[in-house]
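Residue numbers (this note's numbering), protein chains in the order written: chain S, 0 to 561; chain V, 290 to 842.
Single-structure report; data block below.
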């Protein structure tokens, strides 16, 4: 029953996301100009040798505002209006084109992107810029295709010889939403007030408080006939406080708030309370004992679990990693097999706009290849179902499922959106902690761990390296069999994906959201993870590396050290 | 008369330099308080305490810019200023200190960078916090370098009697000028102007991209050291830029850009800038109709802007970084200048070269090289560098050259180097300047003497840091001319400075823009046209670019 209740909210949200087209795509001036130029040029482009067989334009028109504050001073405040055109040109054929990853040479993921003039009058200056960018992109695509062709002649056979591209279906979509507006003066005051809390804290060596937003539209026009207009809306307040122990261990506490309107931001009282809490945690960390390498039972709290799934499983089920021989392909041949604890199902659903009133950064209507977003079941009851797909087919998966994503100026590859973990059975969190204590005693271990917060980490997916991960928790408690907790520092989580995911014994009902940005071949993309806290039968901890230098000799000047 | 005016200027500036008291603003106060604390208390066990600390803060403020292409405006940024900080710490003493040394692990000049921070918060606490961190890092770096330098010196034979001190202390001075906010220009007015200028590009079918921009910018500098040398100065200007890409009639794609710095965007200066649009479009037209060049050895007449770059590359750079960095590695300090001995013959006779750091403008054009006090707190002096073709003086810092002469206030930092010898505003003065017609006659006569059919005039130097095209004009003996493309200078050396045959009488100031430098360039060269007796030009290989796949709309 609980499982269905969990799924219901995002079915409703998905429906809302697609029900509200409210503008006529054909009357949008950028779409008209881009379509006209594409229509004028595509025949000539297809006649080239090698042919430019597909062209897509992504035109982003948005405002980006930012305020950065440190030490009670504004280090940056600015508003930039952007008009960026990105051109995806494909040379060759769907069978083999310029985007293929080279075996013997470096692959470039850069896409031609350039600033555009405003559309004024007949838009002639805009069209000129489109024509010029298209020409450059086409020339680059041809050069890349020649490298691909040369590489294919001498490189070893590809294990997966699927085509390089499948044409996306023709789509039209037009949605307008109110622009995000924020009172930047009030936000500056709020950030300055929060910053003042670090003023006399000798253990706070660095701090930053910032607010940024993006509001505008993305237009997509391609040679298949897809025409899209989608709102771009992201806003985030974040802060971090940093310290260092006497022996050089770097310590960080940070917090982010993703919103879509000012009212969703914490008020001053709440923000100051949160910052105060983070400063207290940082102080506790500076005095905390260092963790020892050990394998013990542990709880991964909800947000930490979301990051864990993203890093350890999510990247390994991105489609292109199953195709290219340079990757370890941990899961490539495991469709239909159990890969994680049968307790868990994992869905990547970019159509989910929010969860528990928290806007999800991984939400989008169409991906960066013009393919409609949809929920993709990756794992059901522990069994692998499929992969995140862009328009680059792989063996057994011939079509995109709307996960071709890339940063501005980067060629899209398969990426995550909103990666959601659903547990078939859950217990209240307090009960999960009790189960942890029981497991510690059962294994006769001196203590276990609660991983409260995780800043990120890395996972090795290339075949030249062991298929391991290393994640960096920023707040970890050691919990003793009698229930006492002690904060520790310098604990990194390590392991291998297939083993680690099968150590999950139980899950809590405390689903929460991790909103972040993920960097990979196709640049930085906003992502979200939703997960419950989970109990791991065992988790391997190793020591964190230390910074190169000791903390400064003198205390920070704000502490009165004159 | 000219010289007297100049001397008076120096005297006035010197008076101002010595009279100021430390301004009471957050920048100076933060630097003063952190220097005081660090000099008193910064001490790591086993390491000497700082002997000298210096800070420099640079605040860059941009006004609202205007950019347009073919008559359509581009998006712009509205932003506040950017505050950057530099810090360096010296330990030891004047005889033996931690500076002037580059550890082997690095390419020598890279090992000699000041510790720096960007985007500092604009608050007393924020600036002090950053200075505290930078000072600690600079102190750690100085401690490591001091050890490495001592070990290096122990490994070398040294003659104690003749050995140079590392530092010859110099009198510390100060200079303060009031810093006003960047003037606010009417952004709509600027946008209208760039639209009007850029729309003219539509008239030329061979132009594929044409952008005109106007950006007001101001750089405020604050400097303080632990020996009470300080300065505070500010310079505002308006940058106008033209950028274009063309495809000439032979099918070669070429980029071309020019920059003009103005004191403001008054009607008069707008009119001046508009004449640059004319000139820019004429240059583009010349590129379009230019013919492919052929190899050539013979006289070349450098027009003032090309001559400015030539003087920078062959002369200015050889008067800088004169004291080489000692290093325990194989790395060679390639930035070290060659003109380090007084009396050395470096140019053709009849040319005098000055460095004038106390000038802040030339014919109304602002000069970013204005330097009343250098980055060691020493009063900057106007120098006559070259007279009758020979070096008569050198830029000096407190780190003496072999002749042990004291500093003359030419120690300047860049974002890539702690203070070293550096020039700012370089003036090239021919003893017998020729009127334009006479200069051309001399040029063509020389071609005749060499039995050449034509000679070359270079209008724009192909800069290594910009994408400027060299603009060559082939001038025949009868005075007719045509523009030429596809040539480059081969084997240019300082020899060409000694090959200057004649110079014009209409100098032009060239702002030397460097990569990574924001705001008005800190180095300038003012020179008339120069006739070089012989240069070797070679053709640039290459085939025409592909025709566009689709016709230009």
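Just so you know, even glycine gets a beta-carbon here, dropped at the ideal spot from N, CA and C.
Contact check, residue i vs residue j, beta carbons under 8 Å
{"i": "residue 235 of chain S", "j": "residue 257 of chain S", "result": "yes"}
{"i": "residue 786 of chain V", "j": "residue 636 of chain V", "result": "yes"}
{"i": "residue 794 of chain V", "j": "residue 700 of chain V", "result": "no"}
{"i": "residue 342 of chain V", "j": "residue 424 of chain V", "result": "yes"}
{"i": "residue 391 of chain V", "j": "residue 614 of chain V", "result": "yes"}
{"i": "residue 403 of chain S", "j": "residue 343 of chain S", "result": "no"}
{"i": "residue 591 of chain V", "j": "residue 644 of chain V", "result": "no"}
{"i": "residue 461 of chain V", "j": "residue 666 of chain V", "result": "yes"}
{"i": "residue 193 of chain S", "j": "residue 274 of chain S", "result": "yes"}
{"i": "residue 817 of chain V", "j": "residue 759 of chain V", "result": "no"}
{"i": "residue 383 of chain V", "j": "residue 454 of chain V", "result": "yes"}
{"i": "residue 483 of chain V", "j": "residue 501 of chain V", "result": "yes"}
{"i": "residue 207 of chain S", "j": "residue 406 of chain S", "result": "no"}
{"i": "residue 476 of chain S", "j": "residue 438 of chain S", "result": "no"}
{"i": "residue 346 of chain S", "j": "residue 419 of chain S", "result": "yes"}
Contact set for residue i: own chain, Cβ-Cβ below 7 Å, skip 5 residues either direction
{"i": "residue 547 of chain S", "result": "none"}
{"i": "residue 246 of chain S", "result": "545"}
{"i": "residue 233 of chain S", "result": "212, 213, 360, 525"}
{"i": "residue 394 of chain S", "result": "159, 161"}
{"i": "residue 573 of chain V", "result": "493, 496, 533, 535, 545"}
{"i": "residue 754 of chain V", "result": "In this prediction, residue 754 of chain V has a pLDDT of 48, which is less than 50 and means its spatial position is unreliable; nothing more can be read from the coordinates."}
{"i": "residue 427 of chain S", "result": "507, 508"}
{"i": "residue 763 of chain V", "result": "743, 745, 770, 771, 773"}
{"i": "residue 379 of chain S", "result": "344"}
For residue i, the residue or residues it bridges with in DSSP
{"i": "residue 448 of chain S", "result": "S:297, S:477"}
{"i": "residue 434 of chain S", "result": "Bridge partners of residue 434 of chain S: none, in fact."}
{"i": "residue 539 of chain S", "result": "S:294, S:493"}
{"i": "residue 524 of chain V", "result": "V:508"}
{"i": "residue 528 of chain S", "result": "S:418, S:513"}
{"i": "residue 680 of chain V", "result": "V:675"}
{"i": "residue 268 of chain S", "result": "BP columns for residue 268 of chain S are empty, so no partner."}
{"i": "residue 358 of chain S", "result": "S:353"}
{"i": "residue 791 of chain V", "result": "V:820"}
{"i": "residue 743 of chain V", "result": "V:765"}
{"i": "residue 256 of chain S", "result": "S:236"}
Nearest-angstrom Cβ-Cβ length linking residue i and residue j, presumed shorter than 8 Å
{"i": "residue 527 of chain S", "j": "residue 361 of chain S", "result": "4 Å"}
{"i": "residue 490 of chain S", "j": "residue 534 of chain S", "result": "Not a contact, Cβ separation roughly 17 Å."}
{"i": "residue 646 of chain V", "j": "residue 69 of chain S", "result": "Residue 646 of chain V to residue 69 of chain S, Cβ: 35 Å. No contact."}
{"i": "residue 603 of chain V", "j": "residue 681 of chain V", "result": "The pair is not a contact, with the Cβ atoms about 18 Å apart (cut-off 8 Å)."}
{"i": "residue 512 of chain V", "j": "residue 345 of chain V", "result": "5 Å"}
Residues near residue i by beta carbon distance below 8 Å, same chain, minus five either side
{"i": "residue 433 of chain S", "result": "none"}
{"i": "residue 283 of chain S", "result": "486"}
{"i": "residue 494 of chain V", "result": "841"}
{"i": "residue 577 of chain V", "result": "493, 495, 535, 537, 538"}
{"i": "residue 294 of chain V", "result": "Annotation note: pLDDT 39 at residue 294 of chain V (below 50); position unreliable, coordinate value reported separately. None."}
Beta-carbon contacts of residue i that lie in its chain and below 6 Å, excluding the five residues immediately before and after
{"i": "residue 735 of chain V", "result": "588"}
{"i": "residue 606 of chain V", "result": "none"}
{"i": "residue 93 of chain S", "result": "162, 164"}
{"i": "residue 541 of chain S", "result": "292, 491, 493"}
{"i": "residue 217 of chain S", "result": "59, 229, 231"}
{"i": "residue 336 of chain V", "result": "432"}
{"i": "residue 312 of chain V", "result": "465, 521"}
beta-carbon residue i near the ligand SAH non-hydrogen atom, thresh 7 Å
{"i": "residue 427 of chain S", "result": "With respect to small molecules bound, the structure shown includes none, and the ligand SAH cannot be examined in it."}
Next item on the list: Name, going along the chain, the residues of the stretch 418-448 of chain V whose beta-carbon falls closer than 9 Å to a beta-carbon of chain S.
Entry: 418, 419, 420, 421, 422, 424, 425, 426, 428, 429
Item checked: Residues within the stretch 316-329 of chain V neighbouring chain S, beta-carbon criterion of under 8 Å -> 322, 323, 325, 326, 327
Next item on the list: Could you run through the stretch 112-126 of chain S and flag, in chain order, every residue whose CB is less than 9 Å away from some CB of chain V?
Entry: 114, 115, 116, 117, 118, 119, 120, 122, 123, 124, 125, 126
Checklist line | the stretch 356-375 of chain V: positions lying closer than 8 Å to chain S by Cβ | finding: 357, 358, 359, 360, 361, 362, 363, 364, 365, 366, 367, 368, 369, 371, 372
Margin query: Tell me which residues of the stretch 530-549 of chain V have at least one Cβ-Cβ distance to chain S shorter than 9 Å, keeping chain order.
Written below: Hits within the stretch, in order: 534.
Notebook entry, point to check: Got a sec: which bits of the stretch 71-96 of chain S sit with their beta carbon under 7 Å from any beta carbon on chain V, in order along the chain?
Noted result: 71, 72, 73, 74, 75, 76, 77, 78, 79, 80, 81, 82
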